[in-house]
Amino acid sequence: MSTNTPNLECRMYEARYPEVDQAVMIQVKSMADSGAYVSLLEYNNIEGMILFSELSRRRIRSISSLIKVGRIEPVMVLRVDKEKGYIDLSKRRVSEEDIQACEERYNKSKLVHSIMRHVAETMKIDLEDLYIHVGWPLYRKYGHAFEAFKLIVSDPDSVLNSLTREVKEVGPDGQEVSKVVPAISEEVKDALVKNIRRRMTPQPLKIRADIEMKCFQFDGVLHIKEAMRKAEAAGNKDCPVKIKLVAPPAYVLNTQTLDKEQGIAILYKAIDACTEEIERHKGKLSVKEAPRVVSERDDKLLAEHMAKLGHENEEVSGDEDSEEEEDTGMGEIDVENSGHGITD
Numbered sequence: 001m002s003t004n005t006p007n008l009e010c011r012m013y014e015a016r017y018p019e020v021d022q023a024v025m026i027q028v029k030s031m032a033d034s035g036a037y038v039s040l041l042e043y044n045n046i047e048g049m050i051l052f053s054e055l056s057r058r059r060i061r062s063i064s065s066l067i068k069v070g071r072i073e074p075v076m077v078l079r080v081d082k083e084k085g086y087i088d089l090s091k092r093r094v095s096e097e098d099i100q101a102c103e104e105r106y107n108k109s110k111l112v113h114s115i116m117r118h119v120a121e122t123m124k125i126d127l128e129d130l131y132i133h134v135g136w137p138l139y140r141k142y143g144h145a146f147e148a149f150k151l152i153v154s155d156p157d158s159v160l161n162s163l164t165r166e167v168k169e170v171g172p173d174g175q176e177v178s179k180v181v182p183a184i185s186e187e188v189k190d191a192l193v194k195n196i197r198r199r200m201t202p203q204p205l206k207i208r209a210d211i212e213m214k215c216f217q218f219d220g221v222l223h224i225k226e227a228m229r230k231a232e233a234a235g236n237k238d239c240p241v242k243i244k245l246v247a248p249p250a251y252v253l254n255t256q257t258l259d260k261e262q263g264i265a266i267l268y269k270a271i272d273a274c275t276e277e278i279e280r281h282k283g284k285l286s287v288k289e290a291p292r293v294v295s296e297r298d299d300k301l302l303a304e305h306m307a308k309l310g311h312e313n314e315e316v317s318g319d320e321d322s323e324e325e326e327d328t329g330m331g332e333i334d335v336e337n338s339g340h341g342i343t344d
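full-length UniProt numbering puts the first residue of the sequence shown at 1, with every later residue one more than the last.
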C-alpha cells in the first residue's frame, strides 16, 4: 500500500457516480448563461450542472437569491452520463426530507473522509487504497463507515480484524499462490484507531446557569456560602456542580456531562436547593440565564470578564483606609434596613 508520493484525492463512496434520484451535496463553482457549474463534494469534486430552469418551482425573480458561488447545499440528481461524465442536477426537485437525509449522511461521510485522509497522509499511503481495503468494506457491512468507526472507539479488533485482502506470492515450487492477509498493517491500524478515538470520542458538554443572589440579614455572607454548598451538593459524580462568584450579586453555576438533558436537570436542581436555603434566611435568588449548553468561547468571555473585574477592584484606591467594610458575598447593601442608623 505504500508509495513515495501517495494520492490523497478520492471519492467518499465506492460508486464513482451517484444514482439518479439521489440527493447529493454540492458546492457552486461558477455561473454560466444557462446554469451553474458545481462540484459534487462526495464524489471527489466531479463536475455537475444545475440549469436555471431547475432552480425553483416558482417564477424566478432573482437568480442570485437562489444560487451563489461558494454555497454548499443538497440537490437532486436528474441524469448521469458516465461515458461523457455529464451530471445534471436539480435544486427545485429536492424535498425537505431529502435535504435532511443528505445533510446527515454528508456530515458523517465528511468526518470519515477527514480521518481516512489524515491517516493516509501521515502513513504515506494512497487514500483510495485505504478506502478499497478499509473504508468501502465498512460502508458495505455497516451501511455507513461512520457506524463502524463508532464501534472502533471501544472495540477496534472486532471491526478491523475481520478485514482482509488477497495477495499473490510465489511459493517454494515457483508457482504463484494466493494468500489472505490482514487488510492493513498493524502500524496503519494503530494510526486509524488513534485518529478515530481522538475525533469520535464524545466530549463533555458544558452547561451553565447565571443567577443573582442577595442576603441582607446578619451573617448574610455565611448564609450565601451555605446556599452555594447546597447547590454544589445537588451534583453527582457524572454531573459535578460548581458555583462561582462573578461580582456581587452575580454568580454562575457550571457542570460538565455527556448527557445534555441530565446536565440541565442537575443545574435546575442545584438552583432549587440554593433558592430554598437562601430564602430560609430571607435572602433572594433570581435566575438571569437559565441552564443551557455553552461553548469554549462563552467560557473564555466569562473568564475575561471576571479577570477584568478583578483588575478593576485592585485599581480602586483608598480601600485600605475605608471605614466601611464591604463583603462581596452579600450583594448590594440595603442602607435603609442595614441597622447602621445612618441619617442624612
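All C-beta atoms, glycine included, are put in the ideal place defined by N, C-alpha and C.
For residue 137, no beta strand (DSSP E) segment is defined; the enclosing uninterrupted segment is the alpha helix (DSSP H) at 136-142. Across the structure, residue 100 and residue 139 are spaced so that their CA atoms are roughly 20 Å apart.
Three or more beta-carbon pairs separated by less than 8 Å are not found between the region 211-225 and the region 142-162, which leaves the two stretches without contact. Annotation: the continuous beta strand (DSSP E) that includes residue 256 extends over 250-257. In this structure, the straight-line span from the alpha carbon of residue 177 to that of residue 171 is close to 6 Å. Under the rule that a run must span 4 or more residues, the alpha helix (DSSP H) segments found entirely inside the region 258-289 read 260-279. Spanning the alpha carbons of residue 236 and residue 266 requires a straight line of approximately 9 Å.
In this structure, the beta-carbon distance from residue 40 to residue 74 does not fall below 8 Å.
By the neighbour-count definition (other C-beta atoms within 10 Å, threshold 16), residue 305 is an exposed residue.
Sequence-distant Cβ neighbours of residue 239 in its own chain, meaning closer than 7 Å and more than five residues away, are 255, 257, 262, 263, 266.
The Cβ-Cβ distance between residue 23 and residue 98 falls below 8 Å. Using a 10 angstroms sphere on the CB of residue 14, the tally of other CB atoms stays under 16, which defines it as exposed. Leaving aside the five residues that flank residue 281 on each side, the residues in its chain whose CB is nearer than 7 Å to its CB run, in chain order, 215, 217, 223. Residue 48 holds the alpha-carbon nearest to the alpha-carbon of residue 88 among 48, 146, 152, 67.
Per the coordinates, the alpha-carbon of residue 137 lies some 8 Å from the alpha-carbon of residue 131. Per the C-alpha coordinates, the member of 38, 92, 149, 82 positioned closest to residue 114 is 149. Cβ contact annotation for residue 123 (same chain, cutoff 6 Å, sequence separation greater than five): 188, 191, in chain order. Proximity to residue 85 across 253, 208, 43, 247 peaks at 43, based on C-alpha coordinates. Within the DSSP secondary-structure output, residue 89 pairs in a beta bridge with 50, 77. Close CB contacts of residue 242 within its chain, under the 6 Å cut and outside five residues either way in sequence, are with 254 (chain order). Closest by C-alpha distance to residue 300, out of 226, 206, 291, 276, is 206. Of 72, 78, 69, the smallest CA-CA separation from residue 53 is found for 78. Annotation: residue 106 is outside any beta strand (DSSP E); the continuous alpha helix (DSSP H) that includes it extends over 96-123. Sixteen is the threshold: since fewer than 16 other Cβ atoms of the shown chains lie within 10 Å of the Cβ of residue 244, the residue is exposed. Per DSSP, the unbroken beta strand (DSSP E) holding residue 247 starts and ends at 242-247. Rounded to the nearest whole angstrom, the CA to CA distance from residue 213 to residue 286 is 7 Å.
A direct Cα-to-Cα measurement between residue 231 and residue 202 gives close to 27 Å. Close CB contacts of residue 76 within its chain, under the 6 Å cut and outside five residues either way in sequence, are with 23, 90, 93, 94 (chain order). For residue 211, the enclosing beta strand (DSSP E) has its first and last residue at 205-214. Distance between residue 250 and residue 211, taken at the CA atoms: about 6 Å. Each of 72, 128, 107 was checked against the Cα of residue 6, and the nearest Cα belongs to 128. Between residue 25 and residue 72, the gap from beta carbon to beta carbon is short of 8 Å. Under the DSSP assignment, residue 12 falls outside any alpha helix (DSSP H); it carries neither an H nor an E label. The residue among 8, 234, 297, 247 with its C-alpha nearest the C-alpha of residue 269 is 234.
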